[in-house]
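I have placed the structure first, in the form of structure tokens, so that the comments after it can refer back to it.
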Amino acid sequence: MLTASCHCGRVRFTVPAPPPFRNECHCTVCYKYGANWGYYPKTEATISIDGKETPAADPAFSSETPLPGLAYYVRDVEAEKELPPTPGKMARGHLAFARCAHCGCMTHWVGIQPDYAKDPRQRVGINTRLMSEEDLKGVEQKTSAGPLK
Ligand SMILES: [Zn+2]
Ligand SMILES: [Zn+2]
1 MLTASCHCGR VRFTVPAPPP FRNECHCTVC YKYGANWGYY PKTEATISID
51 GKETPAADPA FSSETPLPGL AYYVRDVEAE KELPPTPGKM ARGHLAFARC
101 AHCGCMTHWV GIQPDYAKDP RQRVGINTRL MSEEDLKGVE QKTSAGPLK
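Just so you know, we're using UniProt numbering here: the sequence shown kicks off at 1 and counts up by one.
Listed below in structure tokens is the structure:
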């Protein structure tokens, strides 16, 4: 069992083990966040915010509305492709980049389109910078232009 925590400690993740590798994603948004992702199936992660636990496989975790204590930046794929937005409809491929609403640490990304929300086998990207260096000893570091499998 391993715990990842934002700077102020309000947001915590529990996962069974260190990730198989870490990835510094150099896509347009992750590069600017300076995030270093560890990818987990949603079934393996639990988020705790101010002591309230929510399994990542719980649909509330993948809701368009952030859990209390989190703030979202929703990556707008339609806008990036310069497609006209569809009023009242989320684009496929929408990803929410979540941060602690108090200290601002980037905590994770999660898909918030309905297909992703319904499927507990989908992955969540947890910012491994919230894990201790000691817990990550020996974990392979990768760099990529986008998320890795
Ligand atoms: Zn925090
Ligand atoms: Zn990225």
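For glycine and all other residues, C-beta sits at the position ideal for the given N, C-alpha and C.
Outcome for residue i when other beta-carbon atoms lying within 10 angstroms are tallied against a minimum of 16
i, result
"Cys25", "buried"
"Met106", "buried"
"Cys6", "buried"
"Tyr31", "exposed"
"Ala96", "buried"
"Ala45", "buried"
For residue j and residue i, the rounded distance between their alpha carbons
i, j, result
"Met131", "Ala4", "4 angstroms"
"Ala98", "Gly138", "27 angstroms"
"Val124", "Thr43", "9 angstroms"
"Thr128", "Asp50", "20 angstroms"
"Ala60", "Asp115", "14 angstroms"
"Lys149", "Lys142", "12 angstroms"
"Tyr39", "Ile126", "6 angstroms"
"Thr28", "Gly34", "11 angstroms"
"Ile112", "Leu67", "12 angstroms"
"Tyr73", "Ser62", "13 angstroms"
"Arg12", "Ala71", "14 angstroms"
Three-state secondary structure assigned by DSSP to residue i
i, result
"Met90", "In this prediction, Met90 has a pLDDT of 46, which is less than 50 and means its spatial position is unreliable; nothing more can be read from the coordinates."
"Leu67", "coil"
"residue 151", "Residue numbering for the chain in the displayed model covers 1 to 149; residue 151 lies beyond these limits and cannot be assessed."
"residue 184", "In the structure as shown, the chain starts at 1 and stops at 149, and residue 184 therefore has no counterpart that could be examined."
"Thr107", "strand"
"Glu53", "strand"
"Cys6", "coil"
Contact belief for residue i with residue j at Cβ below 8 angstroms, rounded distance in angstroms
i, j, result
"Gly69", "Cys100", "7 angstroms"
"Cys8", "His108", "About 16 angstroms; that fails the 8 angstroms criterion."
Sequence-distant residues of its chain with Cβ nearer than 6 angstroms to residue i (five each side left out)
i, result
"Arg22", "Asn36, Gly38, Thr128, Val139 and Gln141"
"Pro120", "Lys42, Thr43 and Ala57"
"Glu134", "none"
"Val110", "Ser62, Ala96 and Val124"
Proximal residues to residue i (C-beta, below 8 angstroms), its chain only, five neighbours per side dropped
i, result
"Met90", "Low per-residue confidence applies at Met90: pLDDT is 46, beneath 50, and the placement is therefore not dependable, though the value from the model is reported in the following sentence. Glu64, Ile112, Gln113 and Pro114, listed in sequence order."
Contacts around residue i, its chain only, beta-carbon distance under 7 angstroms, and the 5 residues preceding and following it disregarded
i, result
"Arg10", "Ile49, Asp50, Gly69, Cys100 and His102"
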